[in-house]
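Trainee: Top line first, the protein sequences correspond to chains U and E.
For the first sequence, the working numbering gives the first residue as 18, with consecutive numbering after it.
For the second sequence, the working numbering gives the first residue as 18, with consecutive numbering after it.
Handing you this structure, nothing more for now.
2 protein chains.
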Amino acid sequence: MPTARQKLVVRCLMMSVDGFAAGLHQRLEQPFGDNTEGFTDWMFATRSGNEMLGLEGGEGGADDDYVAHSFDNIGATILGRHMFGVSRGPWTDDGWKGWWGPNPPYHAPTFVLTHHPRDPIPMEGGTTFHFATEGIDDALERAFASADGKDVRLMGGATTVRQYLSAGLVDELHIALVPMLIGSGERVFPESSPPPGYVCVEHISTPAITHLRFERR
Amino acid sequence: MPTARQKLVVRCLMMSVDGFAAGLHQRLEQPFGDNTEGFTDWMFATRSGNEMLGLEGGEGGADDDYVAHSFDNIGATILGRHMFGVSRGPWTDDGWKGWWGPNPPYHAPTFVLTHHPRDPIPMEGGTTFHFATEGIDDALERAFASADGKDVRLMGGATTVRQYLSAGLVDELHIALVPMLIGSGERVFPESSPPPGYVCVEHISTPAITHLRFERR
């Protein structure tokens, strides 16, 4: 039997109303940069958002459902270097292994886009960070190949998502629209992209955010 | 008694999830440009949206309420030339007086931003189109002066709103977020703007769109 085509999906991508997934000046004490106070509150108000980080607390409800199902049928993930950490340029021996502690929430092969080679880092819980230096197409190909037939989740950040959107490679896009304005930063959507052909298949607001899920037809 | 300061307000500004208020290639038969099919459906589903254009039909509800109150306490309006019509450059004798017929929905002094002078056009119902050639600050000053102490509504299009946002002149911003992607066109938000200082004071979804209203604090 033929298997369904593997998809590249974006889920729970936080975006401000002015279109930014992060502000300027990302730094250790403010991972999302300037003017982003409260940006992630909705996520930490959910039970699943806390669970993923090994924390307790949080509520159920629609926001929680989206977070809880955000890794359904995901066999590999891709993320940009800026989402992996704040360092830039050639890797150093600083011991940085991502923001997420010894057991990251990916639990699958995870491809970090970078211009600088680095050996893979196996983590607890099934995550291995691979450093993909050959561009977005190559990273996607490797992610599909390692996903055991499942889909690949594109985690972010904004620059990485924008590149994949520009290349027309994103099959599903779920935006968690946070009702705030950031002013300056990293845009999710390219200035100009191919006629998108996306249809909105889910559109609901909770008290905290608006969920918008698009599928390509 | 001191009167409340006059405000510059944006209401019911339609924006796609990728941040565009219009697509490319605005033209007579497609006023919002490419890839905007269905963009205005929510408006024509409201009773007030139809009434403003002298049409019948449409429903009540939250979308209708926003449209019905979109001219509350408005004494003058501002719009960009591209919103006034599709012609560019020096004005000709083509007889164009806007998209809205003899009785436009503004019912107040209305300032059209343009580089090209033209005599005012009085219309039925209280609208007079004035052609403002001295830039956005001057147009706003004239609009405030002619608004009889009331607020000024900035109608659009995207380029005009973006200019006023960049200049930090917008006091209230109500986005009617349409759950679609347009891909390319005119962005509402500048690439980079001053720290915004806006607070979201209303955030609701209807089946058709999401309303997000911001006030500057």
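Just so you know, even glycine gets a beta-carbon here, dropped at the ideal spot from N, CA and C.
Which runs of the alpha helix (DSSP H) at least 4 residues long sit entirely within the stretch 120-170 of chain U? Give them in chain order.
Mentor: Listed in chain order, the complete alpha helix (DSSP H) runs (minimum 4 residues) inside the stretch 120-170 of chain U are 153-163.
Trainee: Under the three-state reduction of DSSP, which class applies to U:M31: helix, strand or coil?
Mentor: As a working note, residue 31 of chain U is residue 14 in the first sequence. In this structure, U:M31 counts as strand in the three-state DSSP scheme.
Trainee: Considering only residues of the same chain and omitting the five flanking positions on each side of E:V216, which have a CB-CB separation below 7 Å?
Mentor: Here residue 216 of chain E refers to the residue found at position 199 when the second sequence is read from its first residue. If we look at E:V216 and ignore the five residues flanking it on each side, its Cβ neighbours are F231, E232, R234.
Trainee: Does the Cβ-Cβ distance between U:G174 and U:A39 come in under 8 Å?
Mentor: The count along the first sequence starts at 1 and reaches residue 174 of chain U at position 157. The count along the first sequence starts at 1 and reaches residue 39 of chain U at position 22. Result yes, Cβ atoms of U:G174 and U:A39 sit closer than 8 Å.
Trainee: Given a threshold of 16 other Cβ atoms within 10 Å of its Cβ, counted over all protein chains shown, does E:T260 qualify as buried or as exposed?
Mentor: Nothing can be reported for residue 260 of chain E: it is not among the residues displayed for chain E, which extend from 18 to 234.
Trainee: Assign E:S104 to buried or exposed, taking buried as 16 or more other Cβ atoms, counted over all protein chains shown, within 10 Å of its Cβ.
Mentor: Stepping through the second sequence from its first residue, residue 104 of chain E is reached at position 87. With fewer than 16 other Cβ atoms within 10 Å, it is exposed.
Trainee: Residues in the stretch 31-59 of chain E with C-beta within 7 Å of chain U's C-beta atoms, listed in sequence order?
Mentor: Against chain U - using a Cβ distance shorter than 7 Å - the residues of the stretch 31-59 of chain E are V34, D35, G36, N52.
Trainee: Given a cut-off of 8 Å on the beta-carbon distance, is the pair U:F146 and U:T176 in contact?
Mentor: Here residue 146 of chain U is taken as the residue at index 129 of the first sequence, counted from 1. Here residue 176 of chain U is taken as the residue at index 159 of the first sequence, counted from 1. Result no, Cβ atoms of U:F146 and U:T176 do not sit closer than 8 Å.
Trainee: So what does U:T223 bridge to, in DSSP terms?
Mentor: Within the first sequence, the letter at position 206 stands for residue 223 of chain U. Per DSSP, none; premise fails for U:T223.
Trainee: When you compare only the Cα positions, how much space is there between E:K24 and U:K24?
Mentor: Reading the second sequence from its first residue, position 7 is the one you call residue 24 of chain E. Reading the first sequence from its first residue, position 7 is the one you call residue 24 of chain U. Between E:K24 and U:K24, the C-alpha separation is close to 48 Å.
Trainee: Which of helix, strand or coil does DSSP assign to U:M100?
Mentor: On the first sequence, position 83 is the one that residue 100 of chain U refers to. Three-state result, U:M100: helix.
Trainee: How many whole angstroms separate the CB atoms of E:L170 and E:I91, which I take to be in contact at a CB cut-off of 8 Å?
Mentor: Residue mapping note: residue 170 of chain E aligns to position 153 of the second sequence, counting from 1. Residue mapping note: residue 91 of chain E aligns to position 74 of the second sequence, counting from 1. Just to set this straight, residue 170 of chain E is Arg in the shown sequence, not Leu. That pair is a contact at about 5 Å.
Trainee: If you draw a straight line from the alpha carbon of U:V26 to that of U:D168, how long is it in whole angstroms?
Mentor: For the purposes of this step, residue 26 of chain U is taken as residue 9 along the first sequence, with counting starting at 1. For the purposes of this step, residue 168 of chain U is taken as residue 151 along the first sequence, with counting starting at 1. Roughly 7 Å separates the two Cα atoms.
Trainee: If you pair each beta-carbon of the stretch 217-229 of chain U with each one of the stretch 189-198 of chain U, do three or more pairs fall below 8 Å?
Mentor: Verdict: yes, contact present.
Trainee: Which bits of chain U does E:C217 rub up against, with CB to CB less than 7 Å?
Mentor: Reading the second sequence from its first residue, position 200 is the one you call residue 217 of chain E. Within chain U, the residues near E:C217 are P196, M197.
Trainee: Hey, does E:G200 have any beta-carbon neighbour from chain U nearer than 8 Å?
Mentor: Position 183 of the second sequence, counting from 1, holds the residue named residue 200 of chain E. Yes, because at least one Cβ of chain U sits closer than 8 Å to the Cβ of E:G200.
Trainee: Mapping DSSP to helix, strand and coil, what is U:A184?
Mentor: Your numbering for residue 184 of chain U matches position 167 in the first sequence. The answer is coil: DSSP assigns U:A184 none of H, G, I, E or B.
Trainee: Can you tell me whether U:P121 is buried or exposed, with buried defined as 16 or more other CB within 10 angstroms of its CB?
Mentor: Here residue 121 of chain U refers to the residue found at position 104 of the first sequence. Classification for U:P121: buried.
Trainee: Apart from the five residues just before and just after E:S65, which ones in its own chain have a Cβ nearer than 6 Å to its Cβ?
Mentor: The residue you call residue 65 of chain E lines up with position 48 of the second sequence. Within the same chain, E:S65 has close Cβ partners D81, V84, A85.
Trainee: Does the separation of the CB atoms of U:T53 and U:I199 fall below 8 Å?
Mentor: In the first sequence, residue 53 of chain U corresponds to position 36, counting from 1. In the first sequence, residue 199 of chain U corresponds to position 182, counting from 1. Yes.
Trainee: Does the Cβ of E:F206 have 16 or more other Cβ atoms within 10 Å, making it buried, or fewer, making it exposed?
Mentor: The sequence position of residue 206 of chain E within the second sequence is 189, counting from 1. By the 10 Å Cβ count, E:F206 comes out buried.
Trainee: Could one say the Cβ of E:L229 lies closer than 8 Å to chain U's Cβ atoms, at least one of them?
Mentor: Here the question's residue 229 of chain E lines up with position 212 in the second sequence. Chain U contact via Cβ: present.
Trainee: U:M172 and U:L72 - do their beta-carbons sit closer together than 8 Å?
Mentor: Position 55 of the first sequence holds residue 72 of chain U. Position 155 of the first sequence holds residue 172 of chain U. It is not a contact, given that the beta carbons lie outside the stated cut-off.
Trainee: I believe E:G55 touches E:T63 by the beta-carbon criterion, under 8 Å. Please report the beta-carbon distance rounded to the nearest angstrom.
Mentor: In the second sequence, residue 55 of chain E corresponds to position 38, counting from 1. In the second sequence, residue 63 of chain E corresponds to position 46, counting from 1. Between E:T63 and E:G55 the Cβ distance is about 15 Å, and since that is not below 8 Å, they are no contact.
Trainee: List in chain order: all unbroken beta strand (DSSP E) runs of 3+ residues lying wholly within the stretch 34-92 of chain U.
Mentor: Complete beta strand (DSSP E) runs here, min 3: 37-40.
Trainee: Answer with buried or exposed for U:W116, where buried requires no fewer than 16 other C-beta atoms within 10 angstroms of its C-beta.
Mentor: Along the first sequence, one-based indexing puts residue 116 of chain U at 99. Exposed, because fewer than 16 other Cβ atoms sit within 10 Å of the Cβ of U:W116.
Trainee: Check the DSSP bridge columns for U:I95 and list the partner residues they point to.
Mentor: Position 78 of the first sequence holds residue 95 of chain U. Looking at the DSSP assignment, U:I95 forms a beta bridge with U:F128, U:L171.
Trainee: Please say whether E:V129 and E:R159 have beta carbons closer to each other than 8 Å?
Mentor: The residue labelled residue 159 of chain E in the question sits at position 142 within the second sequence. The residue labelled residue 129 of chain E in the question sits at position 112 within the second sequence. In this structure, E:V129 does not lie closer than 8 Å to E:R159 by Cβ.
Trainee: Give a yes or no on whether the C-beta atoms belonging to U:S222 and E:S183 are separated by under 8 Å.
Mentor: What you label residue 222 of chain U is simply residue 205 of the first sequence in a count that begins at 1. What you label residue 183 of chain E is simply residue 166 of the second sequence in a count that begins at 1. Not closer than 8 Å, so no.
Trainee: Does the beta-carbon of U:A162 have 16 or more other beta-carbons within 10 angstroms, so that it is buried, or is it exposed?
Mentor: Position 145 of the first sequence, counted from the start, is the residue given in the question as residue 162 of chain U. Exposed is the call here.
Trainee: Is the Cβ of E:S209 closer than 8 Å to any Cβ of chain U?
Mentor: Your numbering for residue 209 of chain E matches position 192 in the second sequence. Yes, its Cβ sits closer than 8 Å to a Cβ of chain U.
Trainee: When you compare only the Cα positions, how much space is there between U:G118 and E:A164?
Mentor: Against the first sequence, residue 118 of chain U aligns to sequence position 101. Against the second sequence, residue 164 of chain E aligns to sequence position 147. Between U:G118 and E:A164, the C-alpha separation is close to 59 Å.
Trainee: CB-CB under 8 Å to U:M18, same chain, minus the five flanking residues each way: which ones, in chain order?
Mentor: Walking along the first sequence from the start, residue 18 of chain U turns up at place 1. Unreliable positioning characterises U:M18 in this predicted model, as indicated by a pLDDT of 45, which lies under 50. The coordinate reading is nonetheless provided below. Excluding positions up to five away in sequence, the list is empty.
Trainee: So U:I138 and U:Y181 are supposed to be a Cβ contact under 8 Å. How far apart are they, rounded?
Mentor: Position 121 of the first sequence, counting from 1, holds the residue named residue 138 of chain U. Position 164 of the first sequence, counting from 1, holds the residue named residue 181 of chain U. Going by Cβ atoms, the distance from U:I138 to U:Y181 rounds to 23 Å, so no, they are not a contact pair.
Trainee: Can you list, in chain order, the residues of its chain with a C-beta nearer than 6 Å to that of U:M197? Leave out the 5 residues immediately preceding and following it.
Mentor: Start at 1 with the first residue of the first sequence, and residue 197 of chain U comes out as number 180. Correct list, in chain order: S33.
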